[in-house]
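Undergrad: Before we start, here is the structure in question, set down as structure tokens.
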Amino acid sequence: MFHLRQDGRLTNVELAKRVGLTPPPCLRRVKRLEETGVIAGYRAVIDPEAMGRGLEVLIDVEIYAQDRKSFEEFEDTVASYDEVVEFRRMYGRPDYFIRVAVADHAAYEAFLTGKLSCLPAVLRLESHLTMKKIKTNR
171 MFHLRQDGRL TNVELAKRVG LTPPPCLRRV KRLEETGVIA GYRAVIDPEA
221 MGRGLEVLID VEIYAQDRKS FEEFEDTVAS YDEVVEFRRM YGRPDYFIRV
271 AVADHAAYEA FLTGKLSCLP AVLRLESHLT MKKIKTNR
């Protein structure tokens with residue numbers, strides 16, 4: 171798993187060599203991991219700055235809504251925003267954690283004031299800017 175997590179494009183021959191197997195049993199193991207859902211997929215890691223989204227902001231959100239319809243509408247709306255790259259409902263406070271990626275501070279202000287803060291369910295927003303990324307799942 172370690173080797174595939176580090177480089178999902180490894181050939182079966184190279185993976186087999188790294189884990190000390192011959193290619194046929196290595197391929198069977200990988201296929202079994204895919205079939206059982208342990209390996210959920212493969213993806214490309216995109217550099218946000220190269221895509222014009224170099225500013226990443228973490229947002230804690232508390233909402234007024236207590237009924238299912240209101241928070242489902244809130245979730246559907248926020249999940250549809252292109253700027254949102256991660257969105258989680260939390261236990262306790264805050265109610266939600268959102269990670270957005272935008273071009274710059276002006277784009278973040280436009281997102282915050284034009285989209286997120288004007289949603290009827292929103293009670294409180296708290297933005298966090300990252301000083302330094304120490305570890306990411308890449």
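For any residue, its number in the working numbering is found by taking its place in the sequence shown, counting from 1, and adding 170.
We put the CB at the ideal spot given by N, CA and C, even for glycine.
Source: prediction; values computed, not measured.
Are three or more beta carbon pairs between the segment 219-233 and the segment 262-276 nearer than 8 Å?
TA: Yes, since at least three Cβ pairs between the segment 219-233 and the segment 262-276 fall closer than 8 Å, the two stretches touch.
Undergrad: Does Cys288 pass the burial test, meaning 16 or more other C-beta atoms within 10 Å, or should it be called exposed?
TA: Here residue 288 corresponds to residue number 118 of the sequence shown, with the count starting at 1. With fewer than 16 other Cβ atoms within 10 Å, it is exposed.
Undergrad: Hey, is the segment 185-200 in contact with the segment 252-267, meaning 3+ C-beta pairs nearer than 8 Å?
TA: No contact exists between the segment 185-200 and the segment 252-267.
Undergrad: Hey, how far is the Cα of Gly211 from the Cα of Leu174?
TA: As a working mapping, residue 211 is identified with position 41 in the sequence shown. As a working mapping, residue 174 is identified with position 4 in the sequence shown. Spanning the two alpha carbons is a distance of roughly 11 Å.
Undergrad: Which partner residues does Ser297 have in the DSSP bridge list?
TA: For this step, residue 297 is matched to residue 127 along the sequence shown. Answer is Ile229, bridged to Ser297.
Undergrad: Give the single residue among Ala186, Ile209, Asp217 and Thr206 whose Cα lies nearest to the Cα of Thr306.
TA: As a position in the sequence shown, residue 306 is number 136, starting the count at 1. Answer by Cα proximity: Asp217.
Undergrad: Quick check: what's the CA-CA separation for Tyr251 versus Gly190?
TA: By one-based count along the sequence shown, residue 251 stands at place 81. By one-based count along the sequence shown, residue 190 stands at place 20. Straight-line Cα distance between these residues: approximately 45 Å.
Undergrad: Between Ala235, Glu204, Thr192 and Pro193, which lies nearest to Met171 when the distance is taken from Cα to Cα?
TA: Counting from one through the sequence shown, the residue named residue 171 turns up at place 1. Considering only alpha carbons, the answer is Glu204.
Undergrad: Give the list of continuous beta strand (DSSP E) stretches no shorter than 3 residues that lie fully inside the segment 193-251.
TA: Taking only runs of at least 3 residues, the beta strand (DSSP E) segments lying wholly in the segment 193-251 are 225-233.
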